Each structure stands twice: as structure tokens, then as C-alpha cells.
Amino acid sequence: MASYSFQAENVQICVIMVGLPARGKSLIAQKIVRYLTWLSIRAKCFNVGNYRRLETAHPTAEFFDVNNSEGERLRKLAAEAAIRDMFRWFDQEQGVVGILDATNTTKTRRNWILDLCRKRNVEPMFVESWCDDEDLIMQNIMDVKTTSPDYVGQDPEKAALDFRNRIRNYEKVYETISERDLTYVKLINVGSQVIINRIQSYLESRIVYYLMNLHIKPRCIWLSRHGESAFNLSGKIGGDSDLSERGREYARQLPRLVKMSVGDRPLTVWTSTLKRTQQTAKYLPYRQLTWKALDELDAGQCDGLTYEEIENRYPDDFAARDENKYEYRYPGGESYRDVVVRLEPIIMELERQENIMIVTHQAVLRCIYAYFMNVPQDQSPWMEVPLHTLIQLEPKAYGTEVIRIKADIPAVSTYREKGQSAKIKK
Ligand code: F6P
Numbered sequence: 002m003a004s005y006s007f008q009a010e011n012v013q014i015c016v017i018m019v020g021l022p023a024r025g026k027s028l029i030a031q032k033i034v035r036y037l038t039w040l041s042i043r044a045k046c047f048n049v050g051n052y053r054r055l056e057t058a059h060p061t062a063e064f065f066d067v068n069n070s071e072g073e074r075l076r077k078l079a080a081e082a083a084i085r086d087m088f089r090w091f092d093q094e095q096g097v098v099g100i101l102d103a104t105n106t107t108k109t110r111r112n113w114i115l116d117l118c119r120k121r122n123v124e125p126m127f128v129e130s131w132c133d134d135e136d137l138i139m140q141n142i143m144d145v146k147t148t149s150p151d152y153v154g155q156d157p158e159k160a161a162l163d164f165r166n167r168i169r170n171y172e173k174v175y176e177t178i179s180e181r182d183l184t185y186v187k188l189i190n191v192g193s194q195v196i197i198n199r200i201q202s203y204l205e206s207r208i209v210y211y212l213m214n215l216h217i218k219p220r221c222i223w224l225s226r227h228g229e230s231a232f233n234l235s236g237k238i239g240g241d242s243d244l245s246e247r248g249r250e251y252a253r254q255l256p257r258l259v260k261m262s263v264g265d266r267p268l269t270v271w272t273s274t275l276k277r278t279q280q281t282a283k284y285l286p287y288r289q290l291t292w293k294a295l296d297e298l299d300a301g302q303c304d305g306l307t308y309e310e311i312e313n314r315y316p317d318d319f320a321a322r323d324e325n326k327y328e329y330r331y332p333g334g335e336s337y338r339d340v341v342v343r344l345e346p347i348i349m350e351l352e353r354q355e356n357i358m359i360v361t362h363q364a365v366l367r368c369i370y371a372y373f374m375n376v377p378q379d380q381s382p383w384m385e386v387p388l389h390t391l392i393q394l395e396p397k398a399y400g401t402e403v404i405r406i407k408a409d410i411p412a413v414s415t416y417r418e419k420g421q422s423a424k425i426k427k
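Position 420 of the sequence shown, counted from 1, bears residue number 421 in my numbering, the numbering being contiguous throughout.
In C-alpha cells, the structure reads:
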């Protein structure tokens with residue numbers, strides 16, 4: 002993975018999660034990893050529970066009792082193993098942000114981690130999720146914890162009861178973070194209040210900003226390319242052409258398609274500044290916003306050419322793009338990496354908002370989809386995103402669910418496989 006400008010500071014950060022069980026720590030940790038990875042920043046989560054399960058797969062609440070010295074010993078061993086692997090990853094794989102996903106509820110435990118980080122010159126940053134909203138906690142217990150590997154095969158009611166007792170055991174020793182000399186973010190009731198202390202580096206501030214925008218209200222995001230355009234018909238890339246007749250038909254059918262999926266939920270539609278997305282969204286009866294950041298990848302001097310013309314005129318460029326499509330930048334234009342960088346504010350805003358539909362372009366849609374679905378950079382520019390298809394994304398606790406809804410309106414394929422000569426396609 003190539004380095005990203007955020008790394009100019011050359012920092013390595015250990016994000017230490019803090020909080021009682023069922024406070025959404027793992028979800029937050031995984032989201033940070035996904036966001037940073039999308040921005041090409043090496044990030045990895047080290048979940049202490051996974052290490053603990055290697056020895057103790059199905060513990061009961063007593064295992065987590067402070068007076069259970071064997072439980073204490075095994076839990077400490079698991080934390081040590083996770084931290085050891087994290088430091089190895091920092092050293093051997095040039096890790097940048099390692100996340101230690103555990104409860105880390107006592108000052109003693111946190112001081113121990115602090116010492117280890119300081120000895121290794123790794124910046125410690127605490128992220129505490131503090132929550133006293135009973136509904137949220139209960140929802141988390143039922144949603145996530147009864148499907149946790151700890152309770153596999155057990156009656157969900159019994160599992161929930163045991164899990165509540167586990168939480169009580171943690172509550173007996175829990176000390177919230179208050180040390181003024183530490184770098185920390187405290188998220189209270191999932192972002193309804195955020196306390197920030199001693200944030201020092203740019204990268205830390207990006208993580209904080211991201212965390213401030215998160216919410217966990219149920220919602221969906223709908224993605225669609227614009228309807229088939231005149232340029233699509235002639236195989237040309239870029240430009241600002243109008244929709245074809247079939248593209249206009251898609252625009253006319255889109256309100257029905259969207260309604261079927263959205264129902265009566267409130268929705269806002271975002272389009273690019275280009276005619277083809279605005280013509281596609283024209284009949285959608287929702288508030289609409291236009292974003293320059295949603296414009297198609299700029300093909301620079303190749304704008305308005307067909308793939309075949311590019312292959313004939315610029316054979317080296319054509320081959321270079323196939324070689325590394327994510328990094329390749331059109332002369333005078335953009336690469337996929339450039340598009341991801343300009344989409345960052347879109348992702349932030351998407352995290353803040355509820356139901357949003359985005360009508361955009363092939364490359365941009367791939368980048369947004371890659372963020373939600375955690376698609377690696379070597380694959381994302383090659384994903385097939387057909388025209389006249391509505392994609393529904395529903396973020397859930399452990400991943401995003403996808404539904405594709407195809408409109409029954411034919412369209413050309415604008416997809417060119419890796420290594421395929423543009424000439425063969427004709
Ligand atoms: O062909 C449609 C299009 O949106 C072009 O405008 C754009 O250059 C291209 O897709 C991006 O896809 P790819 O990166 O696969 O060439």
C-alpha cells in the first residue's frame with residue numbers, strides 16, 4: 002500500500018478503546034480501521050476478546066469477576082498477546098494506527114498499556130465510549146452480544162442475562178478517563194456529547210473528527226449511476242453529455258424504483274454538477290443537493306475519447322492504467338486515489354446524515370462503495386457497477402448489507418476488464 006500524505010508526520014498511534022461491554026467499542030474500532038484503510042493509512046484492530054477466546058471460548062460472567070484471579074490472569078495474558086502482535090505489526094508491517102479493542106476499564110490497565118507504548122515511541126490515544134442510555138445498551142446486548150462467539154449455541158435469553166452480569170462485574174472496577182495529561186476522546190451516549198483532551202497530531206485530529214460525525218441510527222444509503230448517456234452509447238469517457246433515450250426512461254422510472262425501496266422514509270438526493278446525473282434525478286420528489294466532489298474521475302487529456310482511441314494514441318498510458326488502475330493518474334486528470342481524497346468530505350457528511358441517495362458516476366460510485374464494503378484498492382477500480390441499477394446499502398453493527406435493484410431498461414455496458422484490449426470490445 003502506498004503511503005498517504007497524512008503519514009508525513011511519521012507517527013504511529015495506538016488507539017486504546019475504553020468502556021464497559023456493549024458500548025459499541027468494537028463497532029467504533031472497526032469503523033476507524035475501515036475509514037483509515039480507505040484513505041490508504043495502514044490501520045488494524047487487535048481485539049483482545051479474540052485472543053482470550055483461544056483459551057477460554059465460552060466464559061460465564063464469573064470469569065470476569067475481579068475476585069477471580071485465574072480469570073484475571075487469563076485476561077491479562079490475552080491482552081499481552083494482542084499488544085505483542087500489535088507492536089510486531091508496527092515494526093514489521095509499518096503499521097500506522099493500531100487499535101487495541103478491549104474494555105481497558107481500570108487506570109492500572111491503562112497505565113500498563115501507556116508504559117508499553119511510550120517505551121516503543123508509539124503515541125497512545127484513548128477512545129472511550131461512555132453510555133448510560135439503557136435503550137442503547139439493551140439494543141446492543143440483544144443485537145450483537147447474543148450472536149457473539151462467546152454465546153454460540155446458547156439460549157439468547159440466558160446469554161443476555163449472563164452478559165448483563167458480566168457488565169456488572171466490569172462496573173465494579175470501571176474508572177472513566179479523567180487524566181488531564183492523556184490524549185483522549187470520550188464519546189458520551191454515541192456522540193451526543195464529545196470530550197476531547199490533548200489531541201496532538203493531524204492524524205489524531207482526523208480520527209476525532211470522524212468519531213464526532215458517527216451516529217448509529219438505522220438508515221440506508223442508495224447509490225445509482227446516472228442513466229445511460231450519449232457518451233456511454235458512443236463509448237466515450239468523461240464529458241458532460243445528455244442522457245440517451247434509454248437513460249431518460251431510467252430517470253422516469255427511478256421515482257417508482259426508489260419509492261419501492263425507500264418507502265415513506267425521508268430522503269435527500271445528492272447529484273454531481275454534471276448534466277447526466279441531474280437529468281437522472283430530475284423526477285425524484287425529494288430535496289436535492291449538488292456536489293462538485295461527486296463529479297466523474299477527470300480523464301484529463303483523454304476526456305472525450307473512447308478506450309480504443311486511448312489505446313491507439315497513448316499505448317503506454319493505456320497499459321500503465323491496467324497495471325495499477327488505482328494509482329494511475331490521467332495526464333492532466335485524476336487517479337482513483339485522487340477521487341478518494343476529494344470524496345472524504347462526502348464520506349464525513351454521509352456518516353452524519355440519515356437516508357441519502359447519491360446519483361453519480363462509475364468511478365465515484367466504486368470509491369464510495371469501496372468505503373462501505375471495505376473493498377481493497379486493487380479491486381475497487383475493477384468492480385462492475387452496471388447502469389440502470391439502484392444499490393441499497395444498509396450499515397449494520399458488523400458490516401453493510403447490500404441489495405441491488407435492477408431497472409428493466411437495457412443499457413450499454415461501459416465495463417472493460419483488466420487486460421482486455423479496447424479493440425476487442427467493439
Ligand atoms: O464510461 C463511463 C465512465 O463514467 C467514464 O466517464 C469514466 O472515465 C469511466 O467510466 C471510469 O471507469 P474506468 O475507471 O473503468 O475507466
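Yeah, the Cβ is synthetic: ideal placement off N, Cα and C, and Gly gets one too.
Quick caveat, the model's predicted, so the values are computed rather than measured.
query                                                                                                                                                                 : result
Classify Gly-99 as helix, strand or coil using the three-state DSSP reduction.                                                                                        : strand
Just the Cα atoms here: how many angstroms apart are Ile-14 and Val-98?                                                                                               : 5 angstroms
Run through the DSSP bridge pairs and tell me what Asn-325 is partnered with.                                                                                         : Note: Asn-325 sits in no beta bridge, so no partner.
Please give the ranges of any alpha helix (DSSP H) in the segment 165-223, keeping only runs that are unbroken, at least 4 residues long and fully inside the region. : 203-214
What did DSSP end up calling Tyr-5 once you bin it into helix, strand or coil?                                                                                        : Bear in mind that the predicted position of Tyr-5 carries a pLDDT of just 47, short of 50, making it unreliable; the figure below should be weighed with that in mind. Coil.
When you compare each of Ile-347, Leu-298 and Met-18 to Arg-330 by their alpha carbons, which one comes out closest?                                                  : Leu-298
Applying the 10 Å Cβ sphere with the 16-neighbour rule, what's the burial state of His-216?                                                                           : exposed
Could you spell out the range, first to last residue, of the beta strand (DSSP E) harbouring Gln-378?                                                                 : Taken as a continuous stretch (DSSP letters only), Gln-378 belongs to no beta strand (DSSP E), as it is neither H nor E.
Count the other CB atoms within 10 Å of the CB of Ser-336; is the residue buried (16 or more) or exposed (fewer)?                                                     : buried
Just to check, is the beta-carbon of Pro-382 closer than 7 angstroms to a non-hydrogen atom of ligand 1?                                                              : yes
Does the beta-carbon of Asn-233, which I'm using as the reference point, lie nearer than 7 angstroms to any heavy atom of ligand 1?                                   : yes
In angstroms with no decimal places, state the Cα-to-Cα distance between Ala-282 and Tyr-251.                                                                         : 10 angstroms
Using beta-carbon positions only, say whether Val-16 and Ile-42 come within less than 8 angstroms of one another.                                                     : no
Ligand 1 heavy atoms versus the CB of Ala-294: any closer than 7 angstroms?                                                                                           : no
Ordered along the chain, which non-local residues of its own chain (more than five positions away) have a Cβ less than 6 angstroms from that of Asn-375?              : Arg-35
To which residues of the same chain is Ile-196 closer than 6 angstroms at the C-beta, ignoring the five residues directly before and after it?                        : Lys-187
Rounded to the nearest angstrom, what separates Ala-103 and Gln-393 at their Cα positions?                                                                            : 32 angstroms
How many angstroms separate the CA atom of Ser-4 from the CA atom of Pro-377?                                                                                         : Note on Ser-4: pLDDT 44, under 50, position unreliable in the model; no value is reported.
Ordered along the chain, which non-local residues of its own chain (more than five positions away) have a Cβ less than 8 angstroms from that of Tyr-171?              : Leu-21, Pro-22, Phe-65, Thr-104 and Thr-106
Is the beta carbon of Leu-258 less than 8 angstroms from the beta carbon of Ile-359?                                                                                  : no
Identify every residue that forms a DSSP beta bridge with Cys-15.                                                                                                     : Gly-99 and Pro-125
Could you check where the alpha helix (DSSP H) with Thr-38 kicks off and where it finishes?                                                                           : 26-39
Could you give the residue range of the beta strand (DSSP E) that holds Ile-392?                                                                                      : 390-397
Is any heavy atom in ligand 1 found nearer than 7 angstroms to the beta carbon of Ile-311?                                                                            : no
Could you check how far apart the C-beta atoms of Gln-289 and Val-270 are, in whole angstroms? I think they sit under 8 angstroms.                                    : 5 angstroms
Alpha carbon to alpha carbon, what distance is there between Met-143 and Ala-161?                                                                                     : 7 angstroms
Closer than 8 angstroms by C-beta to Val-365: which residues in its own chain qualify, once you throw out the five before and the five after it? Chain order, please. : Ser-273, Leu-295, Asp-296, Glu-297, Leu-298, Val-340 and Leu-344
In the DSSP assignment, find the unbroken beta strand (DSSP E) run with Lys-45 in it and report its ends.                                                             : 44-48
Closer than 7 angstroms: is that where the CB of Gln-280 sits relative to any heavy atom of ligand 1?                                                                 : no
Say the cut is 7 angstroms; is the CB of Thr-274 nearer than that to a heavy atom of ligand 1?                                                                        : no
Assign Lys-426 to one of three DSSP states: helix, strand, or coil.                                                                                                   : At Lys-426, the pLDDT of 46 sits below 50, so the modelled position is not reliable and the matter cannot be decided from this model.
Where does Thr-281 fall in DSSP's three states?                                                                                                                       : helix
For Pro-411, count neighbouring Cβ atoms within 10 angstroms of its own Cβ and tell me buried if that reaches 16, exposed if not.                                     : exposed
Just checking my contact of Val-128 with Met-18 at CB under 8 angstroms: how many whole Å lie between their CB atoms?                                                 : 6 angstroms
Should the segment 46-64 be regarded as contacting the segment 110-119, the criterion being three or more beta carbon pairs within less than 8 angstroms?             : no
Relative to the C-alpha of Arg-24, which residue among Gly-50, Arg-74 and Glu-135 is closest?                                                                         : Glu-135
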